[in-house]
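Novice: What follows is a single structure, and I will ask about it in a moment.
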Amino acid sequence: MTQIIDTPPPVCRELLVTIANYLAKARPTHAMWEASRLLLARQFAVARFGDDMALVDQAERQILAHAPIVRPGTTRDEYATQLRLAAQGVTP
Numbered sequence: 124m125t126q127i128i129d130t131p132p133p134v135c136r137e138l139l140v141t142i143a144n145y146l147a148k149a150r151p152t153h154a155m156w157e158a159s160r161l162l163l164a165r166q167f168a169v170a171r172f173g174d175d176m177a178l179v180d181q182a183e184r185q186i187l188a189h190a191p192i193v194r195p196g197t198t199r200d201e202y203a204t205q206l207r208l209a210a211q212g213v214t215p
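Residue numbers (my numbering): 124 to 215.
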């Protein structure tokens, strides 16, 4: 069943899709881990906002609020699909 959730702000949507594209290209058949979700949120927020720690922190919080928790057994490519849905304001 698909549920409509809050649509992320534009920059958050952009970052969710950017992370999804990365996951789909970098070892897509490997397992996705919750620790990777946390790391990637910070990494891509820093890449987008550089030294502006207030914006980095805000973007990281938004990403983590919209990026679903990683379920065991999920591949990076499967998680990329979930992120793209989250960017659209939809959750599976």
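Just so it is clear, CB atoms sit at the ideal spot from N, CA and C, and this is done for glycine as well.
Quantities reported herein were computed from a predicted structural model and do not represent experimental measurements.
1) What would DSSP say about residue 213, mapped onto helix, strand or coil?
2) Among residues of its own chain, excluding the 5 on either side of residue 155, which ones have a beta-carbon nearer than 8 Å to its beta-carbon?
3) Kindly indicate which residue of 144, 129, 168 and 164 has the alpha-carbon position closest to the one of residue 204.
4) Using 10 angstroms around the beta-carbon of residue 160, count the other beta-carbons present and answer buried if the total reaches 16, otherwise exposed.
Specialist: Taking the coordinates as given:
1) Counted from its first residue, the sequence shown places residue 213 at position 90. Residue 213: strand per DSSP, three-state reduction.
2) Against the sequence shown, residue 155 aligns to sequence position 32. For residue 155, the CB contacts under 8 Å within the same chain, skipping 5 residues up- and downstream, are 146, 193, 197, 198, 199, 201 and 202 in chain order.
3) The residue labelled residue 204 in the question sits at position 81 within the sequence shown. Check the Cα spacing between residue 204 and each of 144, 129, 168 and 164: the tightest is with 144.
4) By 1-based counting over the sequence shown, the position of residue 160 is 37. Result: buried.
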